[in-house]
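Residue numbering for the sequence shown follows UniProt numbering, starting at 1 and increasing by one per position. Note that the Cβ used here is the ideal one computed from N, Cα and C, for glycine as well. Treat the numbers as computed from the prediction; the structure is a model and nothing was measured.
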Amino acid sequence: MSEPASASRPSSFQDWLLHAGTDPCDLDTLLPRICARLCELGLPLDRVSLNLEMLHPEVGGHGRVWLSEGGGRVSLYHAPRGLEVSEDYLASPVRVVDETDRPFRQHLEAGDAGMPLLRRLRGEGFTDYVIAPFPFQDRERTAAMSFATTRPGGFSPADLADLEAVVRMLCPHVEARVVAEIARDLMTTYLGRGPGERVFRGQIRRGDCTSIFAAICFCDLRGFTAFTHENVSDRVIQRLNCWFDLAVEAVEGQGGEVLKFMGDGLLAIFPAEELNPREACHRALEAADRLSRGVEGFNAAPPDGMPPLDYGLSLHLGYVAFGNIGGPRRLDFTVVGPAVNLASRLLDVAKGVERRVVVSAEFAGCSGRNDLHDLGSHPVRGLSRPATVYGLP
């Protein structure tokens, strides 16, 4: 049921938004509610989109499109980073709004302004299109909301004024959700999925640590020091990224958490909090096998004449302190403890026995694998007793 014509649509929408906008829901849930309410208020909407710039290493932005047909479904799409130089963006209404910071309107019954998106919408029967920028407090981020109708004659002047008012009202609610999503993305990117969630939930005090049981993995690239002396920095970074592409994919593909990059090395854990220890060991060994396959595939056809990769990897199992360590205002979310020290030192043992992968006796005993080779006991730097290590078949 539409509101009476005499009622102020922006005022009615604002009253509704005071309650609906504070619900703890994401944009995928909020957008169809917004569109349904605007239609109830008499606005002739058949398509609504949100276009939001994000801060993510791979994703430049998110787009959400609501369509009245089909029950008001919402489609989500991700714009890859670098889209801003693509033809789709350069010839789009979004670019016009980004560059002018002003609304853009095209009456589709009169033409499509030479824009592929508007040409498509016109062909689908839309008669009018308007897009307006969100006046975010963060001026580094761009965001806009568009509206389209199939009503003959398009939007009236009153419709256009009300839609611009709606965008201004929605701005703080949309920006709050965008900021939260950016914060989560940044924490996941720089801290890892598990640590990022813990920090986002408030685990930020120095010394705030939890004791967990986990399989611990260290791996590093062999021969990298010599490579850095013989190559320019761009090529060094390219090689590091090739290596970490493989290592990170192997760890995360088996549910592990990458906690730290150290030069050409990596520290990861496979927590056993919700898994039994044998399952954690199994995941770690699967990751090691996945890395081996990835490296062999890389070495079969290295890019741009890049020399083959070689690496070392060590696995141990034990309790670790998982949490915040560092200075008062500069913290690191990582794991520490004797088990971490031993796992790190076993990398030297792996190199000494000329093996890519070695595992500790504790890890081997808990893994349930009976095909691991006993490689004997070996002195471990910093420890008073030698450690028995095992190798993969």
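Handout entry: Same chain, Cβ closer than 6 Å to Asp-101, five either side skipped, listed in chain order
Key = Reading the sequence shown from its first residue, position 101 is the one you call residue 101. Taken in chain order, the residues that qualify are Pro-133.
Practice task
Please name the residue, chosen from Glu-286, Ile-182 and Val-336, that lies closest to Phe-213 on a Cα-to-Cα basis.
Solution key: Taking the sequence shown and counting its residues from 1, the one referred to as residue 213 is at position 213. Considering only alpha carbons, the answer is Val-336.
Problem - Rounded C-alpha distance that separates Leu-160 from Leu-17 - result: Within the sequence shown, numbered from 1, the residue matching residue 160 stands at position 160. Within the sequence shown, numbered from 1, the residue matching residue 17 stands at position 17. So the alpha carbons of these two residues sit roughly 19 Å apart.
Exercise for the section: Take the Cβ of His-56 as the centre, count every other Cβ of all protein chains shown within 10 Å, and call the residue buried at 16 or more, exposed below. Expected result: Translated into the one-based positions of the sequence shown, residue 56 becomes position 56. Looking at its Cβ environment, which holds 16 or more other Cβ atoms inside 10 Å, His-56 is buried.
Practice task
Under 8 Å by Cβ, that's how I've got Phe-136 and Leu-108 pegged, so tell me the actual separation to the nearest angstrom.
Solution key: Along the sequence shown, read from residue 1 onward, the residue named residue 136 stands at position 136. Along the sequence shown, read from residue 1 onward, the residue named residue 108 stands at position 108. Incorrect: roughly 28 Å between the Cβ atoms, too far for contact.
Handout entry: For His-107: DSSP bridge partner residues
Key = For the purposes of this step, residue 107 is taken as the residue at position 107 of the sequence shown. Paired residues: Asp-128.
Exercise for the section: Throw me the rounded Cβ distance for the Cys-242 and Leu-313 pair, which I believe falls under 8 Å. Expected result: For the purposes of this step, residue 242 is identified with residue 242 of the sequence shown, where counting begins at 1. For the purposes of this step, residue 313 is identified with residue 313 of the sequence shown, where counting begins at 1. Contact flag wrong, Cβ pair sits at about 17 Å.
Practice task
Quick one: give me the first and last residue of the alpha helix (DSSP H) that Glu-249 is part of.
Solution key: Numbered from 1 along the sequence shown, position 249 holds the residue referred to as residue 249. First-last of the alpha helix (DSSP H) with Glu-249: 233-252.
Handout entry: Per-residue burial, Ile-216 [other beta carbons within 10 Å of its own, 16 or more giving buried]
Key = Position 216 of the sequence shown holds residue 216. It counts as buried.
Exercise for the section: Taking Leu-246 and Gly-294 to be in contact with their CB atoms under 8 Å, please state how far apart those CB atoms are, rounded to whole angstroms. Expected result: Within the sequence shown, numbered from 1, the residue matching residue 246 stands at position 246. Within the sequence shown, numbered from 1, the residue matching residue 294 stands at position 294. Contact flag correct, Cβ pair sits at about 4 Å.
Handout entry: the region 361-371 / the region 306-320 touching (three or more Cβ pairs under 8 Å)
Key = yes
Handout entry: DSSP state of Pro-10 mapped onto helix, strand, coil
Key = Taking the sequence shown and counting its residues from 1, the one referred to as residue 10 is at position 10. In the structure shown, Pro-10 falls within a helical segment according to DSSP collapsed to helix, strand and coil.
Exercise for the section: Could you tell me which residues DSSP puts in a beta bridge with residue 403? Expected result: There is simply no residue 403 to check, as the chain begins at 1 and stops at 393 in what is shown.
Exercise for the section: Tell whether a beta-carbon distance below 9 Å holds between Ala-280 and Ala-268. Expected result: Walking along the sequence shown from the start, residue 280 turns up at place 280. Walking along the sequence shown from the start, residue 268 turns up at place 268. No, they are not a contact pair.
Handout entry: Three-state secondary structure (DSSP) of His-56
Key = Position 56 of the sequence shown, counting from 1, holds the residue named residue 56. Of the three classes helix, strand and coil, the one that applies to His-56 here is coil, per DSSP.
Problem - Secondary structure of Glu-257, DSSP reduced to three states - result: One-based indexing of the sequence shown puts residue 257 at position 257. In the displayed model, Glu-257 falls within a strand according to three-state DSSP.
Practice task
Note the first and the last residue of the continuous beta strand (DSSP E) segment covering Met-145.
Solution key: Looking up residue 145 in the sequence shown gives position 145. 143-149 is the extent of the beta strand (DSSP E) around Met-145.
Problem - Spatial neighbours of Glu-249 in its chain, beta-carbon cut-off 8 Å, leaving aside the 5 residues before and after - result: The residue given as residue 249 occupies position 249 in the sequence shown. Once the five neighbours on either side are set aside, the close Cβ partners of Glu-249 are Arg-290 and Gly-294.
Problem - Residues of its chain near Ala-339, where Cβ-Cβ distance is below 7 Å and the 5 sequence neighbours each way are ignored - result: Indexing the sequence shown from 1 puts residue 339 at position 339. Closer than 7 Å at the Cβ level, and outside the excluded window around Ala-339, lie Ile-216, His-316, Gly-318, Tyr-319 and Val-320.
Handout entry: Euclidean distance between Cα positions of Thr-388 and Leu-346
Key = Mapped onto the sequence shown, residue 388 falls at position 388. Mapped onto the sequence shown, residue 346 falls at position 346. Going from the Cα of Thr-388 to the Cα of Leu-346 covers about 10 Å.
Problem - Closest by C-alpha distance to Arg-151, when choosing among Pro-44, Leu-259, Arg-73 and Ala-350 - result: Numbered from 1 along the sequence shown, position 151 holds the residue referred to as residue 151. Comparing Cα-Cα distances from Arg-151 to each of Pro-44, Leu-259, Arg-73 and Ala-350, the minimum goes to Pro-44.
Exercise for the section: Kindly indicate which three-state DSSP category Phe-224 falls into: helix, strand or coil? Expected result: On the sequence shown, position 224 is the one that residue 224 refers to. DSSP places Phe-224 in helix when its eight states are reduced to three.
Exercise for the section: Could you have a look at Phe-136 and say whether DSSP puts it in helix, strand or coil? Expected result: If you number the sequence shown from 1, residue 136 lands on position 136. It is coil, neither helix nor strand.
Problem - Cβ pair count under 8 Å reaching 3, the region 137-145 against the region 115-122 - result: no
Exercise for the section: Please work out which residues of its chain come closer than 7 Å, Cβ to Cβ, to Phe-147, disregarding the five sequence neighbours upstream and downstream, and give them in chain order. Expected result: Along the sequence shown, one-based indexing puts residue 147 at 147. Same-chain partners within the cutoff: Leu-45, Val-48, Val-130 and Leu-163.
Handout entry: Nearest-angstrom Cα separation, counted from Arg-73 out to Glu-40
Key = To locate residue 40, count along the sequence shown from 1; it is residue 40. To locate residue 73, count along the sequence shown from 1; it is residue 73. Cα-Cα distance, rounded: 16 Å.
Problem - Cβ-based neighbour list, Arg-95, same chain, cut-off 6 Å, excluding 5 preceding and 5 following - result: Position 95 of the sequence shown, counted from the first residue, corresponds to residue 95. Excluding residues within five positions, the ones whose Cβ falls inside 6 Å are Tyr-89.
Practice task
Check whether the region 226-236 touches the region 173-183, taking contact to mean three or more Cβ pairs, one atom from each stretch, closer than 8 Å.
Solution key: Segment contact: the region 226-236 against the region 173-183, fewer than three CB-CB distances shorter than 8 Å; contact not assigned.
Exercise for the section: Kindly indicate which three-state DSSP category His-373 falls into: helix, strand or coil? Expected result: By one-based count along the sequence shown, residue 373 stands at place 373. Looking at His-373 - three-state DSSP - the assignment turns out to be strand.
Practice task
Rank Ser-344, Phe-13, Pro-393 and Arg-381 by C-alpha distance to the C-alpha of residue 396 and give the top, closest one.
Solution key: Past the edges of the chain, shown from 1 to 393, lies residue 396, and the structure says nothing about it.
Problem - Beta-carbon contacts of Glu-3 that lie in its chain and below 8 Å, excluding the five residues immediately before and after - result: The count along the sequence shown starts at 1 and reaches residue 3 at position 3. For Glu-3, the predicted structure reports a pLDDT of 45, less than 50, and the residue's modelled location is therefore unreliable. The matter cannot be settled from this model.
Problem - C-alpha gap between Met-1 and Ser-92, whole angstroms - result: In the sequence shown, residue 1 corresponds to position 1, counting from 1. In the sequence shown, residue 92 corresponds to position 92, counting from 1. Confidence at Met-1 is low in this model, with a pLDDT of 38, below 50, so its placement is unreliable and no value can be given for it.
Exercise for the section: Please list, in chain order, all residues of the same chain as Glu-84 whose beta carbon is under 7 Å from its beta carbon, the five residues on each side excluded. Expected result: The residue labelled residue 84 in the question sits at position 84 within the sequence shown. Result list for Glu-84: Gly-60, in chain order.
Handout entry: Residue(s) in a DSSP beta bridge with Ile-325
Key = The count along the sequence shown starts at 1 and reaches residue 325 at position 325. Answer by DSSP bridge pairing, in chain order: Asp-332.
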